[in-house]
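For reference, the structure discussed in these notes is given below.
Number of protein chains: 2
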Amino acid sequence: MAKTTSDRKSTIYDLAALAETSASTVSAILNGTWQKRRISEETVRRVRKLAEKTKYTVNRQARGLRKSRSGLIGMIIPTHEDRFFGAMSQVFDRMARERTLQPIVVSTLRTPALEIETVRRLISYQIESLIVTGATDPDGVSKVCRHHKVTHVNVDLPGTKAPSVISDNYWGATQLTATLVSRSKTQTSSERDRFYFLGGAASDYATQRRIQGFTDTLAAASFAVDSEQIRTCGYEASAAQAEIGHLYSQIGGLPRGLFLASSVSLEGAVRFLKTLPLDEVCRCTICSYDWDPFATYLRFPVHMMRQDVNGLLAAAFKICDEGLAAAKQLLEVRPHLVLGDRDGGADAFGLSLA
Amino acid sequence: MAKTTSDRKSTIYDLAALAETSASTVSAILNGTWQKRRISEETVRRVRKLAEKTKYTVNRQARGLRKSRSGLIGMIIPTHEDRFFGAMSQVFDRMARERTLQPIVVSTLRTPALEIETVRRLISYQIESLIVTGATDPDGVSKVCRHHKVTHVNVDLPGTKAPSVISDNYWGATQLTATLVSRSKTQTSSERDRFYFLGGAASDYATQRRIQGFTDTLAAASFAVDSEQIRTCGYEASAAQAEIGHLYSQIGGLPRGLFLASSVSLEGAVRFLKTLPLDEVCRCTICSYDWDPFATYLRFPVHMMRQDVNGLLAAAFKICDEGLAAAKQLLEVRPHLVLGDRDGGADAFGLSLA
DNA sequence: GTGAAAGCGCTAACAC
DNA sequence: GTGTTAGCGCTTTCAC
């Protein structure tokens, strides 16, 4: 039986032996530094051909160790299961590829301990930089990154110990709330003639800014807001679902308008709203700070703030590209408003809901 | 100024020097093999404390090189931007964590060249196994994995050169089509009184099986199907959008029923259907092979096959756990049917569309 | 109980 | 133009 390509692991030494040359020559040829060494065309060809034939693949653990560069870039996200973070991963992948870095995206489930543990692990693999999105404890993450001198940027949720690029939450909430007000209709019951903010976490900056925008805009339109109307029930769909159910029985129906803090909150809200007669839902005006393609065509209209994922990550990568020295800045990127159809399922049938 | 923790990189040698012991002792202590070496409690404590204090973190490139194990496990997916693959990533993350492996998920955009290139790259990082989901060229991927002796499994789209675990596409399509038929209403125009399959790729196995289930079920219900009715326009939302538009003008309206090949196709379809009067859309019965939480409450009802992501990946991991020797089996996991509400926005207003 | 030393696969001085 | 050599940080055998 003819001797086929060797069964061994195939290192540059094997290649060198086959090509009757040395490992350093092979190494130089295989990673483009051979010009500098003025290696003969003929050797280059020979080695390349052999590499091809034996399907040689460099061992990046070894290379990384030697060069103290891994070619790895990390990103942590709360979850893969919503379209905002899905888009983040997609764009991150692309931008990493453009830099010939290997992207690693890991979800940390909004759990500080898991965030820290994951980041430590990524650092132990010698990632070259890290993008921290939607972190519950960004400063905790920064602490470990700084200790290990790993460049990192917060995205979506800011921290105080590293540059952050986030959505212009205040502006976005302002616009969204203005829409909410102008599209809404006076409710018959006075206790229901109000606007409610639902979801998010009172402790996080994004939520705080969104609430501020919400409140200020309502105030400017002469709507009072008390703490009853702010219901930061967290980042679980089920929590939003329960909270809106609770609100419903409390005020005896849906309110005039609903501001959902994120797409996950919207998901929870939809689960509850599904159980109600549609005409009732359509009398309530609904918006969400986040966008989802299917949510643009729900049975009731939803106005959404679509984040500029490209803008967010372009800024984040720019900071990573520049390396450690980056200033502790806070960069705000504007999202854009996607209006729901003026009317839900109702008016398609010529019904008036006024 | 007091001397604080050293500024250097911190290796086990530094630690050894500080603890006045040797690198091998430190190594043994830090990764639990110290019992075997009968190292004194006292030394263990001293070293541990120092490691803690200097925040020592192992360099896994070095460890991996030495042990020829990386602790890395890879998965490729077509895209992060749909809920099916989002769920895959989420579950993959969890299952990898349970095995203390570092997950790496990369999207390959249904592009064979990118699939191969990505997998090569992952292999060069010495991943220990690979899950290949929705690959356009699974056998191409298998070829490179086998050469490098990397255990791998196809998921969602099967290959012939590695074990595959996929959705029970035929069964699923059968159930979904039966629903489509039973819920649909006779159309006034005879050329529109038919069922259409939209999306997917004629070249892939999943699509073929789904079409088979679709066709067989229609035949059993005495509906003829000709090739006109099968429109495998690919995996882009925009393609589905265009195709359904085309169909619409071709047959002068919507057909009796629409079978969308995946959630991406559904996304495209929704974009087009949005432009139509709702009562018109509601006269067409629609289903999709894939589930999305928001699609459960669109203005028109959609029946969906929800894949068993946990089941799929549990089976895939089992094969990876067993290592290289795995048989070239094909495992089918049943999805489950999620019925749309019997009626869309229409009947909520007491309108009859018959 | 612990240390010395070899070597994982690679790159980059430095030699010739 | 090309080979030799010294490590990168770690684990593990072997020696004491």
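Residue numbers (this note's numbering), protein chains in the order written: chain A, 1 to 354; chain B, 1001 to 1354. C-beta: ideal position from N, C-alpha, C; glycine also. For clarity, every value in this text was computed on a predicted model and none was experimentally measured.
- Against chain A, the CB of Thr1057/B has a partner CB under 7 angstroms away; the residue lies at that interface.
- Residues Gly64, Ser70 and Leu72 of the same chain have their beta carbon placed closer than 7 angstroms to that of Gln126/A, with the five preceding and five following residues left out of the count.
- With respect to the C-alpha of Gly200/A, the residue from Arg334/A, Asn169/A, Gly86/A and Ala28/A having the closest C-alpha is Asn169/A.
- By the CB criterion at 7 angstroms, Ala1240/B and Leu1198/B fall inside the cutoff.
- For Lys161/A, there are no neighbours in chain B by C-beta distance under 7 angstroms, as the nearest C-beta there is about 16 angstroms away.
- Taking a Cβ-Cβ cut-off of 9 angstroms, the neighbours of Ile123/A in chain B comprise Thr1057, given in sequence order.
- The beta carbons of Val333/A and Leu312/A sit closer together than 7 angstroms.
- At the C-beta level, Ser89/A and His1080/B come within 7 angstroms of one another.
- DSSP places Ile1104/B inside the beta strand (DSSP E), whose first and last residues are Gln1102 to Ser1107.
- Here Asn154/A is buried, its C-beta having at least 16 other C-beta atoms within 10 Å.
- Straight-line spacing of the CA atoms in Ala1237/B and Leu1260/B works out to 11 angstroms.
- According to DSSP, residue pairing for Tyr1196/B in a beta bridge involves Leu1258/B.
- Assigned with DSSP and collapsed to three states, Ser68/A falls in coil, not helix or strand.
- The residues Ala1019, in chain order, have a CB closer than 7 angstroms to that of Arg1046/B in the same chain once the five nearest residues on each side in sequence are set aside.
- For Leu337/A, the enclosing beta strand (DSSP E) has its first and last residue at His336 to Val338.
- Per DSSP, Ser1010/B lies in no alpha helix (DSSP H) and is assigned neither H nor E.
- Residue state for Glu1081/B is assigned as coil, using DSSP reduced to three classes.
- Below the 8 angstroms Cβ cutoff, chain B contributes no neighbours of Thr11/A, its closest Cβ being approximately 12 angstroms away.
- The residue among Phe1195/B, Ala1295/B, Gly1172/B and Pro1158/B with its C-alpha nearest the C-alpha of Val1181/B is Phe1195/B.
- Going by DSSP, Cys287/A is part of no alpha helix (DSSP H) but of the beta strand (DSSP E) stretching over Thr285 to Ser288.
- When 7 angstroms is used as the limit between beta carbons, Arg1306/B is near no residue of chain A, the shortest such separation being about 13 angstroms.
- In the DSSP annotation of this structure, Asn1154/B is not part of any alpha helix (DSSP H); the continuous beta strand (DSSP E) holding it starts and ends at Thr1151 to Val1155.
- Contact between the segment 1119-1138 of chain B and the segment 1172-1192 of chain B is absent: fewer than three C-beta pairs spanning the two stretches fall below 8 angstroms.
- Boundaries around Arg306/A are those of the beta strand (DSSP E), Val302 to Arg306, since no alpha helix (DSSP H) includes it.
- Interface with chain B (7 angstroms Cβ-Cβ cutoff): Asp290/A is excluded.
- Taking a contact as a CB-CB distance under 8 angstroms, the pair Phe1300/B and Cys1282/B counts as one, their CB atoms being some 5 angstroms apart.
- Annotation for Ser167/A: the continuous beta strand (DSSP E) segment containing it runs Ser164 to Ser167.
- Among the residues facing chain B, Arg183/A is not included, as its CB has no counterpart in that chain under 7 angstroms away.
- Taking a C-beta distance under 7 angstroms as the contact criterion, Thr111/A and Ser129/A do not qualify as a contact pair.
- For Ser1010/B, same chain residues with a beta-carbon under 6 angstroms away, outside a window of 5 residues either side, are Thr1054 and Tyr1056 in chain order.
- Apart from sequence neighbours up to five positions away, the residues of its chain that approach Ile1230/B with a beta-carbon distance below 7 angstroms are Phe1197 and Ile1211, ordered along the chain.
- For Ser142/A, the enclosing alpha helix (DSSP H) begins and ends at Pro138 to His147.
- Chain A has a Cβ within less than 7 angstroms of the Cβ of Gly1064/B.
- Among the residues of chain B, those whose CB is under 8 angstroms from the CB of Ser70/A are Gln1061, following chain order.
- Listed in chain order, the non-local C-beta contacts of Glu280/A below 8 angstroms within the same chain comprise Gly253 and Leu254, local neighbours out to five positions each way being set aside.
- Beta-bridge pairing by DSSP links Arg231/A to Leu198/A.
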